[in-house]
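*Asks:* Numbering that gives the first Met the number 0 puts the sequence shown at residues 0 to 397.
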Amino acid sequence: MEYKAVTNKTTDTAITEAIRTSQFVRNKVLRYWMDNRGVGKKELYRYNTRVRDEFKFVKDLNSHACQASVENVERAINRFFVSAACRGSDINYKKAKPGKKGYPRFKKHSRSVEYKQSGWKLHPTKRRITFTDKKGIGELKLLGKWDINTIDEKLIKRVRIVKRADGFYVQFCVKIDSTQPLPDTKNVVGIDVGLEHFYSDSNGNHQENPRFLRKAEKDIKRSQRKIYKKKKGSAGRRKARGVYARKHLRVTRQRNEHALRLARNLCLANAMVVLEDLNVSGLVKNHKLASSISDASWYLFRQWLEYFGGKFGREVVAVPPHYTSQECSNCGVKTQKSLSTRTHSCSHCGHTEQRDINAAKVILSRAKATGGHPGSNASGVGTSTSVGCKTCRGKCRQ
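1) Just list the alpha helix (DSSP H) runs in the segment 290–357, keeping only unbroken ones of 4 residues or longer that don't cross its boundaries, in chain order.
2) Which residue marks the beginning of the beta strand (DSSP E) containing K225, and which one marks its end?
3) Since I believe T323 is in contact with I362 (beta carbons under 8 Å), could you give me their beta-carbon distance rounded to a whole number of angstroms?
4) For K246, count neighbouring C-beta atoms within 10 Å of its own C-beta (all shown protein chains included) and say buried if the count is 16 or more, exposed if not.
5) Looking at the strands, I want to know which residues DSSP matches up with I160.
6) Quick check on W145: does DSSP put it in helix, strand or coil?
7) Looking only at its own chain, which residues have a Cβ that is under 7 Å from the Cβ of D165, when we skip the five neighbours before and after it?
8) Counting C-beta neighbours from all protein chains within 10 Å, is the total for I190 16 or more, i.e. buried, or is it exposed?
9) Please check the pair Q170 and E16, which I expect to be a contact at CB under 8 Å, by giving their CB distance rounded to whole angstroms.
10) Using 10 angstroms around the beta-carbon of A358, count the other beta-carbons present and answer buried if the total reaches 16, otherwise exposed.
11) Does the Cβ-Cβ distance between E256 and P320 come in under 7 Å?
12) Which residue from G193, L29, S21 and I128 puts its Cα closest to that of L282?
13) Secondary structure at V38, three-state DSSP: helix, strand or coil?
14) Candidates N71, L261, E138 and S62: which alpha carbon is nearest L121's?
15) When DSSP labels each residue in this structure, what does R277 get in the three-state scheme?
16) Should the segment 258–278 be called in touch with the segment 218–227, which here means at least 3 C-beta pairs below 8 Å?
And the structure:
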């Protein structure tokens, strides 16, 4: 759950100081680990205690917020070692593949500070929150549509303050059962994402590609030019950068809302959704199409499909993407065609169909034809969407 926080200059300064302190603790603990390779979890927390005793501004931050920074370091270290240990095994490497897995790095521009179950207190109306440490944040008014009044305060496990281009937001991590069983449906659908259409499905439907960045590109470039017309270090330049950042933030929110809505509708209407296991990070290396691929947000769309698949008890299946555009959905014979050819015409059986719809049918047929093997999901947490394997909410066979 996320709320917009109503702040003033004093609270802005206090929150920024809390974020910088959290970053400082993380970097100090990471440096300690680098200088003393082999130290364990307990040693990291003990060093955190020493840092709090040494620096007063660190002690002013809630102790649990400092512990959350240590946990951040611990996760980065574990990801690195799991990835390094799995490089010799094909199956295990797929578990380590999602997310950041390189050597832990220092944070330069942190944008959040995280509190656990202490250091904050909700107002009885649950429309205000007070941070009780010595950073001076104090009481913040919360704006939003989430109904947190119905949730027991004991179920709130984390509270995070996040800085964005248009202000500060307060996020609540709540421990609740999000599974919503729905009436059974036997509908299955294969989807082929693209650039001409956002996706085409095996039922012959096309979903329009909104191209949010393309539509806002002219305005964004104009605001970017205004930055360089201002003197470096001036208030005008800082304001111009804020305008530029907010325009990009608006595009990001539009993409997220669009992907969320479509993914939810697909999972509500179908018992199984089949898509391609695309390597989006590899596709964007094509500099001629990188901007369009990023604007389409295929990766974000897959993340939301996995989320709603688990929430609604639907099956989300990812199949290998090789030759889905070339293969005939009627007879299976491959017919070579260029990207400019938008109609599939099979030279073997004479089947003719719109290219993307034909690909969606091929994608669906592959999920029905193979049991496959477990793979990695887009979010990098557990195994929810598998290559050729049905979603089982983390219980997929290993």
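Heads up, the beta-carbon is just placed ideally off N, CA and C, and yes, glycines get one too.
*Replies:* If we stick to the structure as given:
1) 297–311
2) Where K225 is concerned, there is no enclosing beta strand (DSSP E), although the alpha helix (DSSP H) it sits in stretches over F211 to Y227.
3) 6 Å
4) buried
5) V112 and V169
6) coil
7) R245 and L248
8) buried
9) Contact flag wrong, Cβ pair sits at about 19 Å.
10) buried
11) no
12) G193
13) coil
14) E138
15) For clarity, residue 277 is Leu in the given sequence; the question names Arg instead. Here L277 sits in coil by DSSP.
16) no
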